[in-house]
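Novice:
Protein chains in written order, with the working numbering: chain E, 31 to 586; chain W, 5 to 384.
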């Protein structure tokens with residue numbers, strides 16, 4: 031992948047190096063790279079460097095019990111993320127096959143599976159309390175049926191929350207991968223006598239191995255870095271990000287612990303990214319194919335697909351259904367539904383619209399900033415050869431590293447600057463949150479813009495140069511207009527991802543700037559489930575409406 | 005060797021598009037049939053129905069005397085080669101070719117022997133353990149062919165197997181396909197939009213247009229005696245003129261198009277009625293009279309004996325006059341158009357370069373028409 035990009039950049043040397051330096055778009059790219067370095071590489075680097083200093087200074091010899099605890103936390107985190115990844119892949123691989131090849135009503139199921147992607151992960155967590163908690167609906171059903179129940183709080187609760195939240199992501203990623211398998215491959219295999227199952231095993235799955243690795247990595251890292259679900263339903267099952275976060279907010283406690291934990295998480299995440307990328311490159315075999323998909327015509331396959339897609343969609347959406355019901359309910363103790371229904375929780379929201387306002391302001395500032403960064407970095411990634419390929423890695427970091435760690439790094443950066451006597455005005459209050467968001471959610475708009483750049487025909491720009499236009503004019507009049515639709519899409523994605531962010535927000539929180547996601551989380555932690563539910567419904571509605579609007583816009 | 009018979013095969017897609025319309029054709033055991041047509045004419049759909057990858061809306065597919073409609077593609081025993089070669093990118097060349105034998109649970113020593121024999125046959129033996137990404141387009145297509153042949157299919161189906169290759173490779177693989185097919189005697193159906201491929205490879209060519217098989221016959225027949233206006237225009241170069249058939253005695257047919265008035269024999273084909281018709285004039289039918297010698301009637305007589313193409317012209321054959329347009333130098337030949345007063349379009353002509361090099365645009369020349377390279381038909 032990086033190889034072709036390098037070759038392209040060298041081949042496209044037409045405007046020449048001197049011209050390129052005069053290119054304001056390149057200057058914009060350089061600025062964006064400085065921004066990336068300041069708010070991503072330096073904070074993460076600080077965490078790693080400081081942890082190295084701590085280790086060199088004798089480590090935590092004064093805290094002898096910590097070593098043991100460290101091992102337990104690491105084991106817990108890896109067990110949780112490994113379990114979630116295994117379960118999700120075991121369900122998502124066959125389900126994506128059924129969805130793409132046999133299911134009727136594909137657009138409907140696609141849309142249903144998108145809903146969990148639009149909402150903060152922890153909405154699912156407190157919703158499963160409603161379902162699986164001590165008086166949860168499903169717990170009651172199990173008891174009524176005389177079946178054993180289990181204690182939600184701990185590994186089961188977190189794992190269920192993570193599986194439900196990441197399953198749709200895995201299914202949709204794999205489905206996208208399946209659509210790249212050329213139909214002729216499967217038809218050849220079938221006509222050579224292979225059965226459907228055998229063709230899937232020998233031909234289809236090996237072909238889409240990169241997508242399986244990719245979705246496995248995304249699921250693993252999402253589970254590994256999440257702080258919301260373990261805080262809500264983790265009970266005594268402590269994992270690395272939770273420990274890092276709780277140690278961090280107790281300022282009176284030794285700050286060496288969150289630093290060490292953060293650095294350790296960076297190391298684990300990056301090693302994993304490196305290993306998986308290597309596997310993906312090994313398996314990277316064919317250019318994307320966009321033709322017809324080989325469909326399974328058998329009525330049995332269609333029926334199995336319909337039932338399993340409906341079942342999984344229902345299970346994945348059940349928590350959201352529970353949230354919706356709870357938002358209108360009074361006390362929901364015994365029974366399948368709340369005792370009575372009321373609009374009270376929504377009315378209560380009216381009195382405290384401040385978190386919503388804060389979120390809209392922060393996301394409304396950070397999202398355009400993130401899009402601007404993606405436009406500048408996207409161009410640099412395309413034009414800068416090997417350095418561009420490196421940027422490709424760097425912009426993945428916020429997705430790979432836990433939001434908690436990024437937050438810790440950012441606060442240490444400001445603390446460090448303050449210690450140096452430099453009070454940067456932008457780096458306190460809402461400014462710091464905006465900076466944090468624009469970096470933390472950068473991978474989402476970045477992916478959209480990178481794809482958009484790759485679709486642009488370089489010859490158009492070359493034609494513009496040959497007609498005597500300057501690089502600035504070419505970028506402004508030829509390149510940028512082709513990016514407008516993608517920029518609109520990137521803006522919506524950035525906005526919705528920012529407004530649902532929690533991990534970094536919890537750490538970087540600035541007084542007076544409680545966000546809607548924090549508010550939900552706080553209510554849920556305090557046990558004000560109905561209120562949390564009402565505000566969640568509001569948040570999901572805002573995000574869904576924006577996404578639908580963007581969808582309509584794109585089709586036009 | 006298996007005969008393939010299609011009976012009133014029809015495919016209507018859910019969108020209402022009628023891709024294949026009431027198509028019937030019988031392919032003899034060991035025969036090589038090419039289905040030729042422009043893209044979207046339904047030729048690929050036909051092939052896919054034979055392979056079992058599409059379900060016919062109506063009609064039947066027979067292999068020998070067995071109706072295949074309800075036989076799944078896995079059990080039809082056809083060898084299938086696609087345009088985009090479709091070599092499994094995750095398996096080595098050897099594994100690709102072995103795939104069909106492995107699913108048949110052929111014992112491993114036999115797999116090895118047969119795979120190596122076929123790799124040898126296709127000149128791929130040295131590449132057995134390469135991955136597809138390391139092969140060229142031509143090599144990949146040969147792997148696809150070896151993979152299709154190793155299962156000893158009863159029928160070989162090829163869907164534009166050469167169209168993703170460059171011209172030189174195309175010619176060499178075309179020759180290989182022809183040789184293999186003769187050698188193995190396997191019933192073969194070859195779908196293509198390239199008339200050169202179809203005409204040079206096949207025992208018979210079927211020309212397809214808008215879902216209908218308009219003519220099936222040996223390549224020469226399809227070229228010399230096109231059955232429909234479409235076949236006339238699609239196969240080979242031609243000028244298709246609007247014409248009139250005049251009532252005439254005996255077997256003689258007199259066709260008139262503007263100033264052209266030709267006598268053609270009505271042997272074979274549907275009998276012509278008096279009335280509107282199309283006239284297909286192949287470029288080689290237009291014979292320029294050598295301008296240097298074409299002075300006066302006696303010169304014309306003399307000219308008839310030593311025409312460059314050696315065809316003796318009957319005394320008194322009619323000669324017309326036209327203006328040269330659009331000359332193209334093609335190496336050994338010169339191709340051009342003649343604008344003739346009274347004709348609805350210019351006539352294409354082709355003449356040897358040594359004759360054509362003296363021509364210049366706008367020049368007025370005289371020409372005759374060889375009636376054996378002309379065909380007439382009527383739209384139904």
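From the three backbone atoms N, C-alpha and C, an ideal C-beta is built for every residue, glycine too. Please read these numbers as outputs of a predicted model, since none were measured by experiment.
Residue 261 of chain W lies in the beta strand (DSSP E); which residues open and close that run?
Specialist: Element bounds for residue 261 of chain W: 256-261.
Novice: Comparing C-alpha positions only, which one of E/512, E/427 and E/515 sits nearest to residue 301 of chain E?
Specialist: Checked all of E/512, E/427 and E/515; the closest Cα to residue 301 of chain E is E/427.
Novice: Taking C-alpha atoms, which residue in E/392, E/79 and E/249 lies nearest to residue 297 of chain E?
Specialist: Of the candidates E/392, E/79 and E/249, the one whose C-alpha sits nearest the C-alpha of residue 297 of chain E is E/79.
Novice: Excluding the 5 residues preceding and the 5 following residue 43 of chain W in the sequence, name in chain order all residues of the same chain whose CB lies nearer than 8 Å to its CB.
Specialist: Excluding positions up to five away in sequence, the list reads 197.
Novice: Tell me the DSSP secondary structure of residue 100 of chain W in three-state form.
Specialist: In this structure, residue 100 of chain W counts as helix in the three-state DSSP scheme.
Novice: Comparing alpha-carbon positions, which option in E/562, E/412 and E/541 lies nearest residue 378 of chain E?
Specialist: Nearest C-alpha to residue 378 of chain E: E/562.
Novice: Report yes or no: is there a C-beta of chain W within less than 9 Å of the C-beta of residue 220 of chain E?
Specialist: So, interface residue.
Novice: At least one CB of chain W closer than 9 Å to the CB of residue 233 of chain E: is that the case?
Specialist: So yes, residue 233 of chain E belongs to the interface.
Novice: Would residue 66 of chain W pass as an interface residue toward chain E - the criterion being a Cβ-Cβ separation below 9 Å?
Specialist: Answer no: the Cβ-Cβ gap between residue 66 of chain W and chain E never drops below 9 Å.
Novice: I'd like to know whether the C-beta of residue 237 of chain E is nearer than 9 Å to at least one C-beta of chain W.
Specialist: Output row for residue 237 of chain E: interface = yes.
Novice: Which bits of chain W does residue 217 of chain E rub up against, with CB to CB less than 9 Å?
Specialist: Chain W residues near residue 217 of chain E: 52, 55, 57, 77, 84, 86 and 90.
Novice: Is the CB of residue 329 of chain E under 9 Å away from at least one CB in chain W?
Specialist: So, not an interface residue.
Novice: Roughly how many angstroms separate the alpha carbons of residue 88 of chain W and residue 135 of chain W, rounded to a whole number?
Specialist: Between residue 88 of chain W and residue 135 of chain W, the C-alpha separation is close to 16 Å.
Novice: Give the DSSP-derived three-state secondary structure of residue 324 of chain W in the structure shown.
Specialist: It is a strand residue.
Novice: Hey, is residue 309 of chain E's beta-carbon within less than 9 Å of any beta-carbon in chain W?
Specialist: Not closer than 9 Å to any Cβ of chain W, the Cβ of residue 309 of chain E fails to qualify, so no.
Novice: So which of E/498, E/330, E/254 and E/182 has the shortest CA-CA distance to residue 105 of chain E?
Specialist: Checking every option, the nearest Cα to that of residue 105 of chain E belongs to E/254.
Novice: Strictly below 8 Å CB to CB, what residues from chain E border residue 108 of chain W?
Specialist: Neighbours of residue 108 of chain W on chain E, chain order: 223.
Novice: Just the Cα atoms here: how many angstroms apart are residue 60 of chain E and residue 305 of chain E?
Specialist: Looking at the two C-alpha atoms, the distance is approximately 30 Å.
Novice: Listed in chain order, which residues of the segment 194-219 of chain E have Cβ atoms closer than 8 Å to some Cβ of chain W?
Specialist: Taking 8 Å as the Cβ-Cβ cut-off against chain W, the residues of the segment 194-219 of chain E that qualify are 212, 214, 215, 217, 218 and 219.
Novice: Could you tell me which residues DSSP puts in a beta bridge with residue 11 of chain W?
Specialist: Residue 11 of chain W pairs with W/64.
Novice: Shorter than 9 Å from the beta carbon of residue 148 of chain W to some beta carbon of chain E?
Specialist: Chain E, which has a Cβ nearer than 9 Å to the Cβ of residue 148 of chain W, makes this yes.
Novice: Since residue 361 of chain W sits in a beta bridge, which residues does DSSP pair it with?
Specialist: Residue 361 of chain W is not bridged to any residue.
Novice: Using a Cβ cut-off of 8 Å, pull out every chain E residue sitting near residue 223 of chain W, in sequence order please.
Specialist: Correct list: empty, because the minimum Cβ distance to chain E is about 28 Å.
Novice: Can you find the residues in the same chain that come closer than 7 Å, C-beta to C-beta, to residue 98 of chain W, ignoring five residues on each side of it along the sequence?
Specialist: Same-chain partners within the cutoff: 119, 132 and 133.
Novice: Please identify, using Cβ separations under 9 Å, the residues of the segment 541-559 of chain E that lie next to chain W, in order along the chain.
Specialist: Residues: none.
Novice: What first and last residue would you give for the alpha helix (DSSP H) that runs through residue 197 of chain W?
Specialist: Here residue 197 of chain W belongs to no alpha helix (DSSP H), and DSSP marks it neither H nor E.
Novice: Distance cutoff 9 Å, beta carbons only. Does residue 94 of chain W sit that close to anything in chain E?
Specialist: Taking Cβ atoms only, chain E reaches closer than 9 Å to residue 94 of chain W, which makes this a yes.
Novice: Distance, Cα to Cα, residue 130 of chain W vs residue 190 of chain W?
Specialist: Those two C-alpha atoms are separated by around 26 Å.
Novice: Classify residue 570 of chain E as helix, strand or coil using the three-state DSSP reduction.
Specialist: The answer is helix: DSSP assigns residue 570 of chain E an H, G or I state.
Novice: At the level of alpha carbons, what is the spacing between residue 401 of chain E and residue 395 of chain E?
Specialist: Roughly 11 Å between the two C-alpha positions.
Novice: Just the C-alpha distance for residue 545 of chain E and residue 386 of chain E, rounded to the nearest angstrom, thanks.
Specialist: Rounded to whole angstroms, residue 545 of chain E to residue 386 of chain E spans 7 Å at the Cα level.
Novice: What whole-angstrom Cβ distance do residue 471 of chain E and residue 524 of chain E have, given they're in contact under 8 Å?
Specialist: Right, their Cβ atoms sit about 6 Å apart.
Novice: Name, please, each residue of chain E whose Cβ falls closer than 8 Å to the Cβ of residue 103 of chain W.
Specialist: Within chain E, the residues near residue 103 of chain W are 219, 222, 224 and 232.
Novice: Comparing C-alpha positions only, which one of E/514, E/213 and E/153 sits nearest to residue 188 of chain E?
Specialist: Answer by Cα proximity: E/153.
Novice: Put residue 577 of chain E into one of helix, strand or coil per three-state DSSP.
Specialist: Helix, per DSSP.
Novice: Run through chain E and tell me which residues come within less than 9 Å of residue 177 of chain W, C-beta to C-beta.
Specialist: Simply none; closest approach about 18 Å.
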